[in-house]
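The sequence shown runs 1 to 326 under the working numbering.
The beta-carbon is built from N, C-alpha and C at its ideal position, and this holds for glycine as well.
Here the structure is a predicted model, which is why all the values come from computation and not from measurement.
Structure first, then comments.
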Amino acid sequence: MKFRTAFIVLILLFLSPARADLLQRAEVASFIRDMVAEYDYDAEELNDILGSVQLSEKVIAAISRPAEALPWYRYRSIFIKPSRVRGGVEFWRRNQAQLERARDLYGVPVEIMVAIIGVETKYGRITGSFKVINSLSTLAFDYPKRSKFFTGELKHYLLLTREQSLDPHVLKGSYAGAMGIPQFIPSSYRAYAVDFDDDGLTDIWENPTDAIGSVGNYFKLHGWREGAGIITPATIPERDISGLLTKGLEPVLSAADMATGGVIAENEIDAAEKVKLLQLENQDGYEYWLALHNFYVITRYNHSALYAMAVYQLADAIKARYQSAP
């Protein structure tokens, strides 16, 4: 009797909605039909792939508490650390030739590319432990808030693994399905990843050269302006500035508009330049910055002003230490 009870428990666990019932769900059946119709995928192969997916409560929990929801002073402390600055200098030295080649080709400063990789994976040391197929399937089918986006990423992932002859159950990444040294989501890999060392493989998982080139290409294709500024500190007037704190991340007001509103930029900005006024929370109040177009480009990597500011400040610290080191 005890054996029979244990056996039944195991069967019930195996047949939980997070696993065996996945293929019975209407949205999954629709997804498979779309992949077959649009991309000539084999239905039986997709059933095999998705039939062994393990949906993850940890993924839902992780995406429900993003670090970007923290106040700036706490978010900053995660990334702007002496150890991460030192790691950036070491990464720069190890990959100097490839970084300079990417800078010359794409127009993106070396320190920005280094800082992106530093923020994302500590220079390739922490690339994620979640199986990408499980993360994307969980978010596509069990996270209604962003189901449309992650369903698209799941499509891109399956196409990516087919194109690269990779086992979809092997690759690991973040809880959101970001992969490799630069943490590209599948659509970014397919659109922006490059074979920067011309060895016939586009490998952002183990090859820092391809990762560097891919980051540079990503910024270039998102409109990075070579030699242009990124952001400058600002002083605000002692009056209501709510009308200058526009929604979204894209710069829409001009520097002249800000000056008329009493905002003073620490560094000179052309009056016609579009800017975004940022208000970042500190423990004892707020700090203010005027972000330019290139700052907005950084937010295309992660749609967060806190993220872009962490990248900018880490890049600045890495560059200063690199230039001052013997």
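Environment of Ile-8 [buried if 16+ CB atoms lie within 10 Å]: Position 8 of the sequence shown, counted from the first residue, corresponds to residue 8. Model confidence at Ile-8 stands at a pLDDT of 35, short of 50, so the residue's coordinates are unreliable; what they give is reported in the following sentence. Within a 10 Å sphere around the beta-carbon of Ile-8 sit fewer than 16 other beta-carbons, which makes this residue exposed.
Boundaries of the beta strand (DSSP E) in which Pro-233 is found, first to last residue: For the purposes of this step, residue 233 is identified with residue 233 of the sequence shown, where counting begins at 1. It spans 231 to 235 - the beta strand (DSSP E) in which Pro-233 sits, taken as one unbroken run.
Contact set for Tyr-123: own chain, Cβ-Cβ below 6 Å, skip 5 residues either direction: As a first step, residue 123 must be located in the sequence shown, where it is residue number 123. The beta carbon of Tyr-123 is closer than 6 Å to those of Gly-87, Phe-91 and Ile-117 in its chain, skipping five residues each way along the sequence.
Residues of its chain near Lys-319, where Cβ-Cβ distance is below 7 Å and the 5 sequence neighbours each way are ignored: One-based indexing of the sequence shown puts residue 319 at position 319. Counting only residues of its own chain and dropping the five nearest sequence neighbours on each side, Lys-319 has a CB closer than 7 Å to the CB of Glu-111.
Spatial neighbours of Asn-207 in its chain, beta-carbon cut-off 6 Å, leaving aside the 5 residues before and after: Reading the sequence shown from its first residue, position 207 is the one you call residue 207. In its chain, beyond the 5 residues on either side, no residue has a beta carbon closer than 6 Å to the beta carbon of Asn-207.
For Ala-176 and Thr-127, the rounded distance between their alpha carbons: Taking the first residue of the sequence shown as 1, we reach residue 127 at position 127. Taking the first residue of the sequence shown as 1, we reach residue 176 at position 176. Thr-127 and Ala-176: Cα-Cα distance of roughly 12 Å.
Proximity to Ala-261 [Cα-Cα], best of Leu-245, Leu-154, Glu-250 and Glu-268: Translated into the one-based positions of the sequence shown, residue 261 becomes position 261. Contrary to the premise, residue 261 reads as Gly rather than Ala in this sequence. For Gly-261, the nearest C-alpha among the options comes from Leu-245.
Phe-196 (DSSP reduced to helix, strand or coil): Taking the sequence shown and counting its residues from 1, one reaches residue 196 at position 196. Three-state DSSP puts Phe-196 in coil, outside helix and strand.
With 16 other Cβ atoms within 10 Å as the buried cut-off, status of Tyr-286: Residue mapping note: residue 286 aligns to position 286 of the sequence shown, counting from 1. Residue burial is scored here from C-beta neighbours: Tyr-286 has fewer than 16 other C-beta atoms within 10 angstroms and is therefore classed as exposed.
Alpha-carbon spacing of Ala-6 relative to Thr-209, whole angstroms: Here residue 6 refers to the residue found at position 6 of the sequence shown. Here residue 209 refers to the residue found at position 209 of the sequence shown. At Ala-6, the pLDDT of 43 sits below 50, so the modelled position is not reliable; the number obtained from the coordinates is stated separately. The alpha-carbon atoms of Ala-6 and Thr-209 are separated by roughly 52 Å.
Nearest candidate by alpha-carbon position, reference Ala-255, set Val-28, Val-263 and Gly-248: As a first step, residue 255 must be located in the sequence shown, where it is residue number 255. Sorting Val-28, Val-263 and Gly-248 by C-alpha distance to the C-alpha of Ala-255 places Val-263 at the top.
Own chain residues within Cβ distance below 8 Å of Ala-288, not counting five before or after: As a working mapping, residue 288 is identified with position 288 in the sequence shown. Note on residue identity: the sequence assigns Tyr, not Ala, to residue 288. Apart from sequence neighbours up to five positions away, the residues of its chain that approach Tyr-288 with a beta-carbon distance below 8 Å are Pro-233, Ala-234, Thr-235, Ile-236, Val-263, Leu-277, Leu-278, Gln-279 and Leu-280, ordered along the chain.
Cβ pair Met-35, Leu-46 closer than 8 Å: Within the sequence shown, the letter at position 35 stands for residue 35. Within the sequence shown, the letter at position 46 stands for residue 46. If you check the CB distance, Met-35 and Leu-46 come in under 8 Å.
Member of Pro-168, Asp-40, Gly-152 and Ile-230 whose CA lies at the smallest distance from the CA of Thr-299: Here the question's residue 299 lines up with position 299 in the sequence shown. Residue nearest to Thr-299 within the set Pro-168, Asp-40, Gly-152 and Ile-230 is Ile-230 (criterion: CA-CA distance).
Cα-Cα separation, Leu-139 to Arg-321: Locating residue 139 in the sequence shown gives position 139, where the first residue counts as 1. Locating residue 321 in the sequence shown gives position 321, where the first residue counts as 1. Computed Cα separation, rounded: 40 Å.
Three-pair Cβ contact test at 8 Å for the segment 289 to 296 versus the segment 58 to 71: Verdict: no, contact absent.
Whole-Å CB distance - Leu-221 paired with Arg-190, under 8 Å assumed: Position 221 of the sequence shown, counted from the start, is the residue given in the question as residue 221. Position 190 of the sequence shown, counted from the start, is the residue given in the question as residue 190. Rounded, the Cβ-Cβ distance is 13 Å, inconsistent with contact.
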